[in-house]
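In our numbering, the protein residues as written are 87 to 579.
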């Protein structure tokens, strides 16, 4: 972009203007770029593997963000360079987030990647309480104490093209600042210079360690209590209160490794469509989620329910046998069909009449430790609605709550011993151009104060077997704990 083009955009009323440069990056990886440019608080790395087997084309490296929005209950705090600059008590924090995003008027520039900045972070499970007042305040203790919403203003990103071996560096310039164009270009050149510097070597992860024993964990439930909770849910189902509820247990361990080494191990053991590493300063969120919560791209709303699980087999033949067993399991099929209907209903709340479609139905996707039944539901966003309206309609996913959704969440409040926090919420971004991409926060670790916490659950229906439901939660956390065992063998640098 020339200086004249920059000034024309400023005169048109845009208050943040993206400046970008493109460079070859075939000697780098997304991880090495993150470590060179962004390995500080309020930074992030987003990657993707499609269908459990093929790397997504783009990885996103978020450089340290100066402005951060945090929400606890109904209190909103905005900090800049660590100093609080705004504090608000609001009735609807989700509406505040949308109005906050609208403060940034950013033009779409031809030739730039589809994501070139926005609000990046998470919306916790309990954000549903801002929409469904019937649920009230979470009655359970909150030992983690992390924000209900945490979003960083991502105004400097590197988008890495895994196919072409090149990258875009993008910074937002504020045209109201003196010499904004020159300062933005100077920042881009400084980033390129940083990329030319050698990376400080990290000790390699010894993959022989992947057979190490999994760590012992402390659970929010005993096995007996979890199985009793399953029985209680089955009683509610038989009484006609609900059709399905998705309880979960939180598993916690001491953790002394570098969080980035956990991410390195996790992307090796459990590559998924949504992999993320967030350094929020006082805590980290590290995950490899297989499931989109909601995506809005060019006004197309997409949800992708996952329900039905089997462990991976030891061979291709064993995998095929397990797939056949899964697709012939009446309980799993009934549960999945229920969640397709819930996904259609949720999508239909914000879609134009007649546009909701099931574009994939009950396909099998394989991941490192488990395989799932997956479907895909799309709809055309109603005129006048936004991505945040889609988030309101769909959070939390039926696969993390149950059906009917509100009654299922009331039962979860009754039976689970702690507030869910990040688990079961949405992780991802709201882009400046109005698009949104969020994953369900599952297969996700919260690392805080020397402890790692991971949560897992499963859908309970009338014929669920309590002991098998407990075992399913253990299967779902297995990849994370394998990654922990490997990361713990690598001393912090």
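Quick reminder that beta carbons are idealized off the backbone N, C-alpha and C, glycines included. As the structure is a prediction and not an experimental result, all values here were calculated from the model.
State yes or no: is the C-beta of residue i within less than 9 angstroms of the C-beta of residue j?
i           : j           : result
residue 481 : residue 217 : yes
residue 431 : residue 446 : no
residue 522 : residue 477 : yes
residue 143 : residue 228 : no
residue 454 : residue 548 : no
residue 569 : residue 330 : no
residue 238 : residue 148 : yes
residue 122 : residue 518 : no
residue 450 : residue 422 : no
residue 211 : residue 516 : no
residue 106 : residue 252 : no
residue 288 : residue 540 : no
residue 543 : residue 306 : no
residue 408 : residue 545 : no
residue 230 : residue 505 : yes
residue 377 : residue 528 : yes
residue 514 : residue 349 : no
residue 301 : residue 567 : yes
residue 322 : residue 240 : no
residue 234 : residue 158 : yes
residue 213 : residue 512 : yes
residue 555 : residue 312 : yes
residue 345 : residue 533 : yes
residue 492 : residue 220 : yes
residue 175 : residue 183 : no
residue 261 : residue 193 : no
residue 479 : residue 441 : no
In whole angstroms, give me the CA-to-CA distance for residue i and residue j.
i           : j           : result
residue 222 : residue 507 : 15 angstroms
residue 412 : residue 173 : 50 angstroms
residue 179 : residue 236 : 11 angstroms
residue 284 : residue 120 : 13 angstroms
residue 475 : residue 575 : 44 angstroms
residue 81  : residue 405 : Nothing about residue 81 can be reported from this structure: the residues present for the chain run from 87 to 579 only.
residue 553 : residue 457 : 20 angstroms
residue 501 : residue 304 : 18 angstroms
residue 572 : residue 351 : 7 angstroms
residue 271 : residue 363 : 28 angstroms
residue 90  : residue 98  : 12 angstroms
residue 295 : residue 415 : Since pLDDT at residue 295 reaches only 49, below the 50 mark, its modelled position is unreliable, and the value read off the structure follows with that caveat. Rounded to the nearest angstrom, the two C-alpha atoms are 35 angstroms apart.
residue 417 : residue 355 : 29 angstroms
Once the 5 residues before and after residue i are set aside, which same chain residues still bring their CB inside 6 angstroms of it?
i           : result
residue 530 : 373
residue 388 : 381, 464
residue 127 : 365, 367
residue 277 : 255
residue 191 : 100, 101
residue 132 : 146, 362
residue 164 : 155, 171, 172
Going by DSSP, name the residue or residues bridged to residue i.
i           : result
residue 174 : 162
residue 252 : 110, 247
residue 104 : 258
residue 334 : 543
residue 488 : 331
residue 395 : 458
residue 522 : 382, 516
residue 508 : In DSSP, residue 508 forms no bridge with anything.
residue 360 : 375
Could you check whether the Cβ of residue i sits closer than 8 angstroms to any heavy atom belonging to the ligand HEM?
i          : result
residue 93 : You won't find the ligand HEM in this model; it holds no ligand whatsoever.
Could you have a look at residue i and say whether DSSP puts it in helix, strand or coil?
i           : result
residue 194 : coil
residue 152 : coil
residue 204 : strand
residue 271 : helix
residue 132 : strand
residue 472 : coil
residue 448 : strand
residue 443 : strand
residue 497 : helix
residue 295 : Because the pLDDT of residue 295 is 49, which lies under 50, any placement of that residue in the model is unreliable, and the question is left without a value.
residue 242 : strand
residue 401 : coil
residue 125 : coil
residue 534 : strand
residue 368 : coil
Whose C-beta lies closer than 7 angstroms to the C-beta of residue i among residues of the same chain, with five residues either side of it excluded?
i           : result
residue 429 : 389, 391, 463, 484
residue 437 : 387, 465, 466, 467, 468
residue 204 : 240, 515, 516, 517, 518
residue 385 : 466, 467
residue 320 : 546, 548, 550
Answer yes or no: does any C-beta atom of chain B fall closer than 9 angstroms to that of residue i?
i           : result
residue 574 : Considering every chain present, this structure includes no chain B. It has just one protein chain.
Apart from the five residues just before and just after residue i, which ones in its own chain have a Cβ nearer than 8 angstroms to its Cβ?
i           : result
residue 280 : 122, 123
residue 536 : 340, 341, 342
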